[in-house]
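Read through the structure below, which is laid out as structure tokens, and then see the notes.
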Amino acid sequence: MDNSQKINLSPIKDMELRASRIPGVVSLAQGVPSFDTPETIKRAAIEAIEKGRVAKYSLAPGLLELREVITQKLELENKYYDFEEEVIVTAGSIEAITATMLAILSPGDEVLIPDPTYTSYQPAIKVAGGVPVFVPLNEQNHWSFDIVELEKRITPKTKALLFCNPNNPTGTIFTRDQLHAVAQLAIKHDFYILSDEVYKDFVFEDNGGSTSTGRSNLQRLYSLAEMRGIRDRLIYIFSFSKAYAMTGWRIAYLATHHDLAKKILGVHDALVTCAPVVSQYAALAALEMADEELAKYHAIYKDRRDLICQRLDKLGNIFEYQKPDSAYFVFPRIKDEVLKKMACVGDSKRFAIELLEKAKVATVPGAAFGPVGENHIRMCFGRSEEDINLAFDRMEKFFTK
Amino acid sequence: MKPFFKKFVQYYLKLLTKFVLWRHNPFIIAVAGTTNKTVVKEYILKFLREKYGENEVRGNPRSYNTEIGLPLAILFLDSGESSFWKWWRVLIQAKLKALFSRKFPSKLVLELGVEEKGDMKYLLDIVRPTWTVVTNIEGNFSDARSNLEDLFEEMKLLAQKLPKNGKFILNFDDERVKKLAEFSKAETISYGFSEEAEARVTNLKTTVQGQTFDFSFRNQNESVEIKKYGRHNVYAWMIAKIVKETI
Chain A
1 MDNSQKINLS
11 PIKDMELRAS
21 RIPGVVSLAQ
31 GVPSFDTPET
41 IKRAAIEAIE
51 KGRVAKYSLA
61 PGLLELREVI
71 TQKLELENKY
81 YDFEEEVIVT
91 AGSIEAITAT
101 MLAILSPGDE
111 VLIPDPTYTS
121 YQPAIKVAGG
131 VPVFVPLNEQ
141 NHWSFDIVEL
151 EKRITPKTKA
161 LLFCNPNNPT
171 GTIFTRDQLH
181 AVAQLAIKHD
191 FYILSDEVYK
201 DFVFEDNGGS
211 TSTGRSNLQR
221 LYSLAEMRGI
231 RDRLIYIFSF
241 SKAYAMTGWR
251 IAYLATHHDL
261 AKKILGVHDA
271 LVTCAPVVSQ
281 YAALAALEMA
291 DEELAKYHAI
301 YKDRRDLICQ
311 RLDKLGNIFE
321 YQKPDSAYFV
331 FPRIKDEVLK
341 KMACVGDSKR
351 FAIELLEKAK
361 VATVPGAAFG
371 PVGENHIRMC
381 FGRSEEDINL
391 AFDRMEKFFT
401 K
Chain B
402 MKPFFKKFVQ
412 YYLKLLTKFV
422 LWRHNPFIIA
432 VAGTTNKTVV
442 KEYILKFLRE
452 KYGENEVRGN
462 PRSYNTEIGL
472 PLAILFLDSG
482 ESSFWKWWRV
492 LIQAKLKALF
502 SRKFPSKLVL
512 ELGVEEKGDM
522 KYLLDIVRPT
532 WTVVTNIEGN
542 FSDARSNLED
552 LFEEMKLLAQ
562 KLPKNGKFIL
572 NFDDERVKKL
582 AEFSKAETIS
592 YGFSEEAEAR
602 VTNLKTTVQG
612 QTFDFSFRNQ
622 NESVEIKKYG
632 RHNVYAWMIA
642 KIVKETI
């Protein structure tokens with residue numbers, strides 16, 4: 001059996017597909033912003049098309065100006081990279097992750113991933129012949145790493161740790177101390193760290209990161225990419241999809257030490273030649289001209305986070321949850337007695353399907369994000385306030401029946 | 402911005418900028434090239450501010466370096482972005498600054514952003530640099546040859562317009578940039594890793610904390626450590642040092 005046959009459609013997309021077949025469903029399933037791409041970005045892309053700049057392949061690592069602006073922006077966040085040799089613009093963050101996996105893994109190598117974590121990490125590891133190994137997060141301690149549990153799962157085959165910070169699906173942040181402990185383990189046991197920070201611009205609570213970003217009104221995420229001592233084993237990943245409402249443009253980048261970047265570049269070239277050039281011009285405009293929109297989205301998501309928490313509080317007999325401090329997800333635990341009534345304990349998928357078919361609300365079953373995610377569902381508050389309110393009105397009605 | 406309004410803004414800002422430059426007559430150092438303009442400009446600003454003080458030297462805020470960006474940089478105004486009304490405010494502020502502002506820095510360090518044929522001519526119609534740095538002439542595309550020749554022609558125009566008493570600071574590691582020396586009356590100062598370069602870096606090493614190298618220029622030798630990665634930062638440091646030492 002080849003690798004691709006072992007990989008199924010992401011459970012998130014499966015739920016979206018099911019939801020699309022039912023008229024009138026309100027979806028809190030897929031993590032897609034409710035906004036259109038900002039006008040300034042769209043205009044820059046149109047101008048690039050009209051000036052005939054997008055018809056040809058760019059250099060494999062991406063447009064020089066884009067990489068240069070990327071490193072200038074990173075410097076504002078205390079992250080230092082060489083734009084010529086250490087930055088690769090990719091077709092979405094999942095391409096950055098897959099290309100890295102293909103560059104660093106040999107068949108059978110193990111990659112640690114938090115449990116729960118983003119569903120698409122497992123297939124990306126499997127595509128490269130790797131084996132995903134779950135590291136359970138501690139829900140009671142705000143979905144933090146248990147460093148002892150993490151170290152227990154390290155074997156001679158462990159090649160990397162892949163994690164998302166802020167974490168999807170929990171919307172929580174790994175603290176500076178936790179990240180330092182992870183970095184020490186990586187040095188001690190000699191493995192790579194892939195830090196996927198696609199939600200870094202949507203942080204609502206203090207997390208120990210400074211605010212010297214040029215956008216000082218926004219709280220900044222502390223990142224392992226700020227630690228110079230591990231730059232030879234750290235792969236920093238950022239996507240424009242969520243921050244600038246550009247999921248369809250498929251544009252992201254990775255930054256890492258030049259030796260590793262060279263290996264990844266070979267795979268990236270083989271996979272996609274270069275990231276879509278029109279999207280690269282759009283990304284350049286995003287970094288240069290869309291700070292205002294970013295701040296606006298941040299404020300809106302914070303309001304929506306507060307709204308969804310208020311609505312969840314009203315359903316305290318159904319769900320209990322850790323308040324998300326970032327991103328746009330909340331990951332409530334379904335109370336056992338409710339699960340027993342609607343499905344059975346350990347069957348969040350059935351629960352989510354019941355919710356979809358009977359209340360017409362699409363969510364993602366927690367099991368999709370790893371074994372510890374079982375008995376939870378993920379709700380996305382990237383959707384509009386109307387959608388959030390409608391979804392919760394329906395759920396309240398459904399659960400009071 | 403609608404095309405007609407953009408043309409109007411462009412023309413109006415150009416006019417006011419030329420007036421401001423005539424009124425205050427600052428010493429202008431231009432930084433041109435495909436990449437690394439912003440980092441070079443920032444290093445030059447840092448080094449010159451150490452020498453002359455914060456208020457005497459100004460550069461483009463962000464990377465304002467094109468037909469509208471450059472006037473905004475000189476007038477020290479923010480972009481109106483996509484708002485029609487913000488642009489009107491910018492135009493009013495521009496007029497007030499041009500006519501009434503008394504304080505103006507004695508030195509300007511300006512990036513010149515050139516993307517296609519004709520851009521340099523337009524920018525040189527606004528500013529006439531006394532000194533110019535060219536970082537590199539590189540392509541974004543896998544088959545960029547024709548585009549690079551166009552860029553070379555743009556840089557050639559810059560070379561030709563430099564005054565006799567000016568300085569032309571050129572990257573001798575880039576063959577196209579090196580060739581520009583033939584087209585200028587100004588004194589050429591070459592820099593790079595190449596043995597031919599007058600200002601030269603050797604023994605470049607990357608460390609965990611950044612980079613170390615030896616710098617030599619006109620009987621001066623120095624061991625340097627910078628806390629940034631990549632040769633472009635080494636070039637930027639080198640250029641700023643040349644400017645500081647020779648200005």
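Residue numbers (our numbering), protein chains in the order written: chain A, 1 to 401; chain B, 402 to 648.
Idealized CB from N, CA, C, for every residue including glycine.
- Interface flag for A/S279 against chain B is unset, since no Cβ pair is found closer than 8 Å.
- Taken in chain order, the complete alpha helix (DSSP H) segments of 4 residues or longer contained in the segment 159 to 202 of chain A are 176 to 189.
- For A/R21, the number of other beta carbons within 10 angstroms of its own is below 16, and it is reported as exposed.
- Under DSSP, A/A362 shares a beta bridge with A/S27.
- A Cβ-Cβ separation of about 4 Å places A/S326 in contact with A/P166 under the 8 Å criterion.
- Under the DSSP assignment, A/F83 falls outside any beta strand (DSSP E); it carries neither an H nor an E label.
- A direct Cα-Cα distance of roughly 9 Å separates A/G248 from A/T37.
- The shortest C-alpha to C-alpha distance from A/P132 to any of A/N141, A/S144, A/W143 and A/T119 is the one to A/T119.
- Neighbours of B/R632 in chain A, taken as residues whose beta carbon is under 9 Å from its own, are D82, E84 and E85 in chain order.
- The beta carbon of B/Q411 does not come within 8 Å of any beta carbon belonging to chain A, so the residue lies off that interface.
- DSSP, reduced to helix, strand and coil, places A/G248 within a helical segment of the structure shown.
- Within the segment 267 to 294 of chain A, the runs of alpha helix (DSSP H) that reach at least 4 residues and sit entirely inside it are, in chain order, 277 to 289.
- Counting only residues of its own chain and dropping the five nearest sequence neighbours on each side, A/S384 has a CB closer than 6 Å to the CB of S34.
- Bridge partners of B/W532 according to DSSP: B/I430 and B/K568.
- A straight-line Cα-Cα distance of about 7 Å links A/R311 and A/F392.
- For A/M289, the chain B residues whose C-beta falls within less than 7 Å of its own C-beta are E482, listed in chain order.
- Within chain A, the residues whose beta carbon sits less than 7 Å from that of B/T435 are L64, listed in sequence order.
- The beta carbon of B/K442 does not come within 8 Å of any beta carbon belonging to chain A, so the residue lies off that interface.
- Exposure of B/F485 is indicated by the presence of fewer than 16 other C-beta atoms within 10 angstroms of its C-beta.
- Check the Cα spacing between A/S195 and each of A/M101, A/G129 and A/T273: the tightest is with A/M101.
- Listed along the chain, the chain B residues whose CB falls inside 7 Å of the CB of A/R228 are V609 and Q610.
- In its chain, beyond the 5 residues on either side, V510 and W532 have a beta carbon closer than 6 Å to the beta carbon of B/I430.
- Rounded to whole angstroms, A/A183 and A/I104 show a C-alpha spacing of 18 Å.
- A/I88: member of the beta strand (DSSP E) spanning V87 to T90, first to last residue.
- Using a Cβ-Cβ cut-off of 8 Å, A/S58 counts as an interface residue toward chain B, since at least one Cβ of chain B sits closer than that to its own.
- Here the alpha carbons of A/E75 and A/G382 stand approximately 28 Å from one another.
- Assigned with DSSP and collapsed to three states, B/V440 falls in helix.
- The Cβ atoms of B/F573 and B/A587 lie no closer than 8 Å to each other.
- Going by beta carbons, A/I88 and A/P116 fall outside the 8 Å limit.
- Counting along the chain, the unbroken beta strand (DSSP E) around B/N622 starts and ends at Q621 to I627.
- Annotated as distal: A/V277 and A/V69, with beta-carbon spacing of 8 Å or more.
- DSSP places A/T117 outside any beta strand (DSSP E), giving it a letter other than H or E.
- In the displayed model, A/T37 falls within coil according to three-state DSSP, outside both helix and strand.
- For the segment 614 to 646 of chain B, residues whose beta-carbon sits nearer than 9 Å to a beta-carbon of chain A comprise K628, K629, Y630, G631, R632, H633 and N634.
- A/I308 is not a Cβ neighbour of A/A96, given a cutoff of 8 Å.
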